[in-house]
Amino acid sequence: MAAPQIVWFRQDLRLRDQAALRAAAAAGPVLPLFVLDERRIVRAPGGASRWWLHHSLSALDADLRALGGRLLLLRGSAADLIPKLMVETGAGAIHAIRHAEPWWPLIERDIPRLQLHDGNSLVPTGLLRTKAGDPFRVFTPFWRAMQAWGDPPRSVPAPTRLESAPMPEGERLRDWGLLPTAPDWSGGFSDWQPGEAGAQARLADFMDKSGRYGARRDHPDDDATSRLSPHLHFGEISAADAWHGVADLPHGEPWLRQLAWRDFGLEMLVQFPKSASRPHRAEFDRLPWIDVRDGDGRTLLTAWQQGKTGYPLVDAGMRELWATGWMHNRVRMVAASFLVKHLMIDWREGERWFWDTLLDADLANNAMGWQWVTGSGVDSAPYYRIFSPQGQAEKFDTRAYLQRWVPEFGSAGYPPPLVDHRWARERALAAFTGLKG
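Okay, structure coming up:
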């Protein structure tokens, strides 16, 4: 009789196009496992991500039960729990999808008979190189290399049944306390459907409207984007599955290019893991950031977090984020630029806030986005690119978006701007230019 095979689910909470599950099922009876590892080496998910994780795990367990199995839940050190589980169950191997976060290799080195499989990106991370054999540091040539590599493999359907291995009882999901209580602030998340079925439904919806994406993706009052980002982060749909859903459609390339940015972010995280918390360009640590521990700095940061800056596009985005766990990408750039270059607050303060409030909070993409705006990353906007919130609102005709999220705009109840745009721009330019000296 074949030995049981453990499938260690991480940020790949799906059955379709799941290489680890496929390999395990081919070798023996399957024991599906998820470990909530809360040690300090693992960055704990933020509040919004914890809500999503709860519902995604619940959906995965239901999908497994429909095939005759279930999801074993354990909490603690994965490096300690998994070897013990292998002894207890007589497992022959453990299968997992390879991921880019820097803590995974630290955990994986202590797990025997671990077999890692590709499936988190369009192209296996680390495979694409420049002609000199170096990692890419600029997205455009990276994108060209991806195009030359060709389409990712076609996705593989989910199994129709599983031979399940006996397993211990495990923990109960509701005991993990992932959902907010006292108060429950997740009411605005009701439009989301975590889980594999929700991911496939979201992809199908985007396929129907993808022709609008190229022309309307920067307009926050037009629902022209895919909103697949939380599903991709939690691996409820593979990047390859999303790619093939759009690749054959007319006008699909602009979105595929954006999907490739996700691969680029993973590549940068693997090559430069410290960039998740430190500027890639070390000189940016010399910027005169405002102290936000108390006083005026804390007041400015709080106003930004609460959407009370006096700039309606920034405020609309921050309120949308708090209410729904998501923010339109164009508005993310404007809100992030405002914090860093109008308020002169360290980008890491914004990164931490987004980490806690975004349903799609992703270590690679979140840090890359903030460093891009700041100008401190590998492939970043120039330091002198400073978005005008008012100019962006006018350019992308955001009236309906502003009316929804900032209904008091134009009335006496709306706060005045925290800073004057022209003055803030000149201050930021002086500070950033000083780095060249």
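Oh and the sequence shown: position 302 is 302 in the working numbering, straight run, nothing missing. The C-beta atom is built at its ideal place from N, Cα and C for all residues, glycine as well.
How many Å lie between Tyr384 and Lys274 at the Cα?
-> 24 Å
With burial defined as no fewer than 16 other Cβ atoms inside 10 Å of the residue's Cβ, what is the status of His251: buried or exposed?
-> Exposed, since its Cβ has fewer than 16 Cβ neighbours within 10 Å.
In terms of residues, what are the limits of the alpha helix (DSSP H) holding Phe264?
-> Under the DSSP assignment, Phe264 falls in the alpha helix (DSSP H) whose first and last residues are Glu253 to Gln271.
His55, DSSP secondary structure in three states = helix
Using the Cα positions of Asp221 and Phe189, report the straight-line distance between them to the nearest angstrom.
-> 18 Å
Based on Cα-Cα distance, which residue from Leu256, Phe354, Pro135 and Phe264 lies nearest to Trp304?
-> Phe354
Could you give the distance in angstroms between the alpha-carbon of Phe409 and the alpha-carbon of Asp397?
-> 15 Å
Return the Cβ separation of Leu73 and Glu171 in integer angstroms, given the expectation that the two are a contact with Cβ distance under 8 Å.
-> 5 Å
Selection from Gly198, Glu426 and Leu363 that minimises the alpha carbon distance to Ala44 = Among Gly198, Glu426 and Leu363, the Cα nearest to that of Ala44 is on Leu363.
Helix, strand or coil at His117 according to DSSP, with G and I counted as helix = strand
For Ser186, count neighbouring C-beta atoms within 10 Å of its own C-beta (all shown protein chains included) and say buried if the count is 16 or more, exposed if not.
-> Under this definition Ser186 is a buried residue.
With burial defined as no fewer than 16 other Cβ atoms inside 10 Å of the residue's Cβ, what is the status of Ser411: buried or exposed?
-> exposed
Beta-carbon contacts of Phe432 that lie in its chain and below 6 Å, excluding the five residues immediately before and after = Once the five neighbours on either side are set aside, the close Cβ partners of Phe432 are Tyr383.
DSSP bridge partner residues for Arg75 (one or two, in chain order) | Leu36
Through-space distance from Ala19 to Pro29, alpha-carbon basis | 15 Å
Check whether the Cβ atoms of Pro213 and Pro254 lie closer than 7 Å to each other.
-> This sequence places Tyr at residue 213; Pro is not what is there. Closer than 7 Å, so yes.
Do the stretch 146-153 and the stretch 120-131 make contact, defined as three or more Cβ pairs closer than 8 Å?
-> yes
Buried or exposed: Gln5, going by 16 or more other Cβ atoms within 10 Å of its Cβ?
-> buried
Are Ala381 and Gly375 touching if we call contact CB-CB under 7 Å?
-> yes
Can you grab the Cα-Cα spacing for the pair Ala59 / Asp291, in whole Å?
-> 43 Å
Reference Val334, options Trp372, Leu203 and Gly297, closest by Cα | Trp372
Cα separation between Thr302 and Gln115?
-> 46 Å
Pick out whichever of Pro157, Ala25 and Met207 has its Cα sitting closest to the Cα of Leu249.
-> Met207
If you follow the beta strand (DSSP E) that Gln200 is part of, which residue opens it and which one closes it?
-> Counting along the chain, Gln200 falls outside any beta strand (DSSP E), though it belongs to the alpha helix (DSSP H) covering Glu196 to Lys209.
Three-state secondary structure (DSSP) of Ile97 = strand
Have a look at Leu339 and Val42 and give me their C-alpha separation to the nearest angstrom.
-> In this structure, the straight-line span from the alpha carbon of Leu339 to that of Val42 is close to 27 Å.
Tell me whether Leu31 sits in a helix, a strand or coil according to DSSP, three-state version.
-> strand
Helix, strand or coil: which one does DSSP assign to Phe396?
-> Coil.
Which whole-angstrom value is the C-beta distance of Leu64 and Pro32, which I expect to be below 8 Å?
-> Between the beta-carbon of Leu64 and that of Pro32 there is about 6 Å, and that keeps the pair under the 8 Å contact cut.
How many whole angstroms separate the CB atoms of Leu122 and Ala240, which I take to be in contact at a CB cut-off of 8 Å?
-> 6 Å
Have a look at Asp218 and Asn329 and give me their C-alpha separation to the nearest angstrom.
-> 7 Å
Any idea what DSSP makes of Val7, helix, strand or coil?
-> strand
Residues near Leu21 by beta carbon distance below 6 Å, same chain, minus five either side = Val7
Is Val87 near the ligand NAD, going by C-beta to nearest heavy atom under 6 Å?
-> In the structure shown, the ligand NAD is absent, as is every other ligand, since no ligand is present at all.
Among all the DSSP beta bridges, which residues are the ones paired with Ser155?
-> According to DSSP, Ser155 bridges with nothing at all.
Bounding residues of the alpha helix (DSSP H) (the contiguous stretch that carries Thr357) | Segment Trp347 to Thr357, the alpha helix (DSSP H) holding Thr357.
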